[in-house]
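A quick write-up on the structure given underneath.
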Amino acid sequence: MRLSRYFLPVLKEAPSDAQIVSHQLMLRAGMIRQEAAGIYAWLPLGLRVLNKVEQIVREEMDRAGAIELLMPTLQLADLWRESGRYDAYGPEMLRITDRHERELLYGPTNEEMITEIFRGSVKSYKDLPKNLYHVQWKFRDERRPRFGVMRGREFLMKDAYSFDLDEAGARKSYNRMFVAYLNLFARMGLKAVPMRADTGPIGGDLSHEFIVLADTGESAVFCHKDLVEMGAPGPDVDWDGDLQPLVDQRTALYAATEEMHDEAAFNAVAEGDRLSARGIEVGHIFSFGTKYSEPMKALVAGPDGKDHMVQMGSYGVGVSRLLGAIIEASHDEAGIIWPESVAPFDVGIISLRVGDAACDAACEAVYKAVHAAGKTALYDDTDARGGGKFASMDLIGVPWQVIVGPKGIAEGLVEVKNRKTGERQTAPLADAIAGLTAKAAG
Ligand SMILES: Nc1ncnc2c1ncn2[C@@H]1O[C@H](COP(=O)(O)OP(=O)(O)O)[C@@H](O)[C@H]1O
Ligand SMILES: [Mg+2]
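In the working numbering, the protein residues as written are 14 to 455.
Here is the structure:
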C-alpha cells in the first residue's frame, strides 16, 4: 500500500476522553473512530488488524475441530422466550420491532439460535460430538461503555457451541477449547491465563476466563505466578486424544477471578508465587449442561434408543477487545508494537527523498520484493518530513522498517529498523531485501 493513496488519519494527540493507552493509541493511529458511545467505525488500518486477529481465532478453532457457520445479528424475541431469557436479560438487550410489529432483538449472544439450528437437524448420538462457531457482531447496551473497543456496545465476538451426548463427552469438548484458547492467544503474543470463573446455578468446575494481565484491566485476579509464563502446548497436540493432562497441569495451580476468589486457598500458595493483579478477560469458556437443551427440547437418541437432552457448552473470544488487549501488552512511548502475527503491514518503507530517482527505485524494489514474498508493505511515498514519517511508522507499530535516504542509497545502502528493539542496521539494498523477505516469509 502506498501511503499517498491510503486512508490513514493519524492524530498528534489523543482525544482527552480516551483514558487508557490502548484506546489512545488506536485513535491516534487512525484505527477506529467513535460513531456513538461504545460504537466504532473500523478504519482501514484497524480493520487489517481485526481481520488478522479473527483469522488466527478461526484457524485455531478449525484445528480443534470446530466448524464455522454464520448466524444473523437479528433474532426473534420468541426464540428467547423459549429459554426464558427474553425477560431475564434486562436493559443490556437491544429490542427492535419490525414493520409487522414483530419483536426482534440484536443478538448479545447466540445460545438460543444455535440450539434451534441444532435441534432442527441433529437427532442421533451418531452425529455427535459437534462444535459450531461463528464470528459475528454482538450488541450489548452496556451501562458504561468505556476504554474504546475494550468495553464496547457493538463488538465482534467469536462464539462456539459444543454438543455432546453425555457429561464425559462435554468435558472432552471443553478441554479441546481450553487447549485451543491457550494456542490462539499465544499466537497473538499474549500471555493469557485460564482462571476459574463463576458457574452460577450450573455449578461444577467447567468455566474459565482467559485473562491477560494488565494494570488497566477491569477485573481483579489472583493466580500462581508460574501460570503466566507457562506457554502454550502448540498445534501438534493430539486433538482426538486425552487433553486432560494439559488442562490439569494448569488448573492444578491457583487462578481465580474476583467472583471465585478463595482467600484461604490463595494463601496456601507460597508467598513469593502469589500474584494478585488486574486483568482483561479476552475469552470465556463455559460448559452448562442442559441449560438450553432442556427448555428448548434439543434431544438426541442415544445408543440405548432413548432420548437424551444434549449437553452443551459455549466458548467466547472477544475478537475486537483483543486489539486493545494486545496494545496494552505491547507498546512503548512512541506507539504500538504489533506482534508480527497480527501486524497491519509486515514492512514499512520510508523514503526520505521522494522524487529522487535512486530513492524511488530502491523503495520500489523493496515494495515489489515484499509483495512477491507474499507479505505486505506500507510505503510512505508522501512528501512529509523525515521526522514525521518516523513518528507515524512507529506509532502504527509496523514491525520492520526500511529507511531509504539519498546519501545512503548513493552508496547502495539502506537502513533496516526493528520496531520492537529499536535496533537499526545499515545494509546493502539487496541484503536488506533478502533479510526482510526471509523474515516476512517466516
Ligand atoms: N462489551 C464488550 N466489549 C468488547 N468485548 C466484550 C464485551 N463483552 C464481552 N466481550 C468479550 O466477549 C467474550 C465473551 O463474552 P461473555 O463471556 O459472554 O461476556 P461477559 O463475561 O461480559 O458476560 C468476553 O470474554 C470478552 O472478551
Ligand atoms: Mg465472560
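Don't be surprised by glycine CBs; every beta carbon is placed ideally from N, CA and C.
In this structure the stretch 196-211 lies against the stretch 258-273, because at least three pairs of beta carbons, one per stretch, are closer than 8 Å.
Going by DSSP, residue 438 is part of the beta strand (DSSP E) stretching over 437-441. Look at residue 305 here: in three-state DSSP terms it is coil, with no helix or strand label. Residue state for residue 127 is assigned as helix, using DSSP reduced to three classes.
The stretch 193-201 makes contact with the stretch 245-255; the number of CB pairs closer than 8 Å reaches 3 or more. From the listed residues 437, 413, 435, the smallest Cα separation to residue 451 is found for 413. Ranked by Cα distance from residue 446, the first of 425, 243, 39, 171 is 425. Residue state for residue 433 is assigned as coil, using DSSP reduced to three classes. If you check the CB distance, residue 376 and residue 418 do not come in under 8 Å. Distance between residue 369 and residue 143, taken at the CA atoms: about 60 Å. Relative to ligand 1, the beta carbon of residue 148 is positioned no closer than 7 Å to any heavy atom. Inclusion of residue 189 and residue 78 in the CB contact set at 8 Å is warranted, their separation being smaller than that value. Beta-bridge pairing by DSSP links residue 237 to 287. Spatial neighbours of residue 365 in its own chain (CB-CB distance under 8 Å, excluding positions within 5 residues in sequence) are listed in chain order as 372, 399, 402, 416, 417, 418, 419. Residue 64 and residue 168 have their C-alpha atoms some 14 Å from each other. For the stretch 304-375, the continuous beta strand (DSSP E) assignments of 3+ residues that do not extend past its boundaries occur at 312-314, 320-322, 324-331, 360-364, in sequence order.
Not one heavy atom of ligand 1 falls within 7 Å of the beta-carbon of residue 220. Taking the CA atoms as reference points, residue 227 sits about 7 Å from residue 293. Look at residue 297: its beta carbon is less than 7 Å from one of the heavy atoms in ligand 2. The criterion of a C-beta distance shorter than 8 Å is satisfied by residue 67 and residue 148.
The beta carbons of residue 18 and residue 27 sit about 26 Å from each other, so the pair does not count as a contact at 8 Å.
Not one heavy atom of ligand 1 falls within 7 Å of the beta-carbon of residue 439. For ligand 1, a non-hydrogen atom lies closer than 7 Å to the CB of residue 122. Classified as exposed, residue 20 has fewer than 16 neighbouring CB atoms from the shown chains inside 10 Å of its CB.
Looking at the DSSP output, residue 144 bridges to 175.
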